[in-house]
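Residue numbers (our numbering), protein chains in the order written: chain E, 1 to 133; chain V, 134 to 415. By construction, the Cβ of each residue, glycine as well, lies at the ideal position given by its N, Cα and C atoms. Note that the structure is a prediction, hence the values are computed from the model and not measured. To start, the structure itself, in structure tokens.
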């Protein structure tokens with residue numbers, strides 16, 4: 001289950017498959033705990049201490065504390081889970097999407113209002129390059 | 134005999150629920166989307182179904198990564214509203230239909246669909262946003278609901294073809310229920326969107342419109358779309374559209390499109406709505 005997949009050629013995309021499932025479990029289960037309001041308060045009161053209750057790798061821990069949204073995906077974060085950290089911060093999906101794609105909130109919102117990111121030039125890593133607006 | 138009278142395909146963007154809960158539906162941003170929902174509300178109120186089956190995915194609300202059911206049916210008397218990380222949505226509790234739900238469960242499993250059974254389960258925006266879109270903001274939902282969850286959070290989701298066959302099995306199961314119930318089935322999620330990575334914000338209007346057309350022109354051809362094609366063409370979360378096939382598979386071959394609405398953007402997503410009616414509804 002570790003061989004290359006055909007969807008690996010999609011640029012800027014981190015599919016939560018078996019390979020990520022094997023490294024992301026603890027990180028995502030930490031995110032899941034934030035569904036509980038008591039846990040949200042505990043996390044906000046002392047993030048570092050709260051995270052000690054979960055078996056995160058140093059890099060997973062760093063990515064959470066620094067709100068490195070893209071970094072979280074690279075170490076096994078699943079967007080449906082990591083977004084709960086953003087909700088805890090009072091951010092929206094669109095705020096986080098802008099940060100992951102490396103543009104300001106305003107630029108990202110304008111792109112969406114103009115019909116979103118085009119698939120043209122964004123289907124394959126090799127032949128078309130990455131994430132044009 | 135119970136029968137399925139209509140299908141509703143509907144995106145379940147969480148921001149649509151937030152816009153309704155916070156009374157923002159008349160803003161410049163949201164008004165064009167909500168205007169297109171009004172005819173669907175009027176149609177559904179007139180149809181007044183006895184029960185709805187809502188096919189949706191849980192978003193790390195009822196289920197964590199601890200246990201990931203591929204297909205699950207809710208058989209409870211009622212389903213509370215989940216706290217997804219910012220408090221539960223202020224919408225009515227979802228009342229179930231245990232009698233039909235248990236009948237579906239037994240029928241589906243004996244028909245070789247190995248359903249997971251949920252006796253207790255909170256429901257999240259995947260289920261409540263389509264209800265809000267099509268019913269507005271009532272004090273109580275106008276009909277009981279049977280939740281049917283499909284995993285799309287951990288790759289791989291079930292294939293489109295498998296989802297369509299589940300729909301066909303649901304149709305057989307409904308039609309073997311003795312009471313004379315008129316049932317609607319929702320297929321939710323999609324349309325094109327990508328919430329993650331540098332490619333976040335991808336929208337593919339051409340793909341979405343062809344998909345909407347295909348729901349009546351050649352639904353079986355749509356079931357052959359691979360997960361990679363969904364993700365490449367319609368964004369990584371566009372793969373949610375497999376859930377539309379469950380709805381389509383539960384309808385008659387010659388179900389007719391009677392309404393559609395398509396709008397970009399709803400937050401990060403292309404929002405689609407389509408109503409399909411069986412001959413028995415007309």
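The Cβ of residue 336/V sits closer than 8 angstroms to at least one Cβ of chain E. Boundaries cannot be given for residue 328/V, as no beta strand (DSSP E) includes it and DSSP labels it neither H nor E. Interface with chain V (8 angstroms Cβ-Cβ cutoff): residue 57/E is excluded. The alpha-carbon of residue 308/V is positioned some 5 angstroms away from that of residue 135/V. Secondary structure in the region 51 to 122 of chain E: the alpha helix (DSSP H) runs of 4 residues or longer, each lying completely within the stretch, are 58 to 65, 69 to 74, 79 to 88, 93 to 100, 105 to 113 in chain order. At least one C-beta of chain E is nearer than 8 angstroms to the C-beta of residue 216/V. With a beta-carbon spacing of about 7 angstroms, residue 182/V and residue 138/V fall inside the 8 angstroms limit used to define contacts. The continuous alpha helix (DSSP H) containing residue 32/E extends over residues 18 to 33. Counting along the chain, residue 392/V sits inside the beta strand (DSSP E) bounded by residues 389 to 399. Not flagged as an interface residue toward chain E: residue 167/V, since no C-beta distance is shorter than 8 angstroms. When the five nearest sequence neighbours on each side are left out, the beta carbons in the same chain lying within less than 8 angstroms of the beta carbon of residue 95/E are those of 86, 105, in order along the chain. Around residue 202/V, the same chain offers 249 as residues with beta carbons nearer than 6 angstroms, after the five sequence neighbours per side are excluded. Under the rule that a run must span 3 or more residues, the beta strand (DSSP E) segments found entirely inside the region 268 to 307 of chain V read 278 to 283. C-alpha of residue 140/V to C-alpha of residue 315/V: approximately 12 angstroms in a straight line.
By the Cβ rule, the region 312 to 329 of chain V counts as touching the region 361 to 370 of chain V, because three or more pairs are nearer than 8 angstroms.
Taking 8 angstroms as the cut-off, the beta carbon of residue 334/V is found closer than this to the beta carbon of residue 401/V.
For residue 286/V, the neighbours in chain E by C-beta distance under 8 angstroms run, in chain order, 16, 78, 80. The beta carbon of residue 108/E falls within 8 angstroms of a beta carbon belonging to chain V, placing the residue at that interface.
Rounded to whole angstroms, the separation of the alpha carbons of residue 261/V and residue 388/V is 25 angstroms. In the DSSP assignment, residue 136/V falls within the unbroken beta strand (DSSP E) covering 136 to 143. DSSP places residue 317/V inside the beta strand (DSSP E), whose first and last residues are 315 to 321. Per DSSP, the unbroken beta strand (DSSP E) holding residue 402/V starts and ends at 402 to 410.
Around the beta-carbon of residue 413/V, fewer than 16 other beta-carbon atoms lie within 10 Å, marking it exposed. Within 8 angstroms of the CB of residue 122/E, the CB atoms of chain V belong to 332, 335, in sequence order along the chain.
Residues of the same chain with a CB within less than 8 angstroms of the CB of residue 354/V, apart from the 5 flanking positions on each side, are 347 in chain order. Distances from the alpha-carbon of residue 398/V to those of 254/V, 365/V, 343/V, 337/V put 337/V closest. Within chain E, the C-beta atoms nearer than 7 angstroms to that of residue 219/V come from 87, in chain order.
Nearest to residue 215/V by alpha-carbon distance, out of 101/E, 36/E, 65/E, 82/E, is 36/E. For residue 401/V, the residues of chain E that pass the 7 angstroms Cβ criterion are 93, 94, 97, 112, in the order they occur in the chain.
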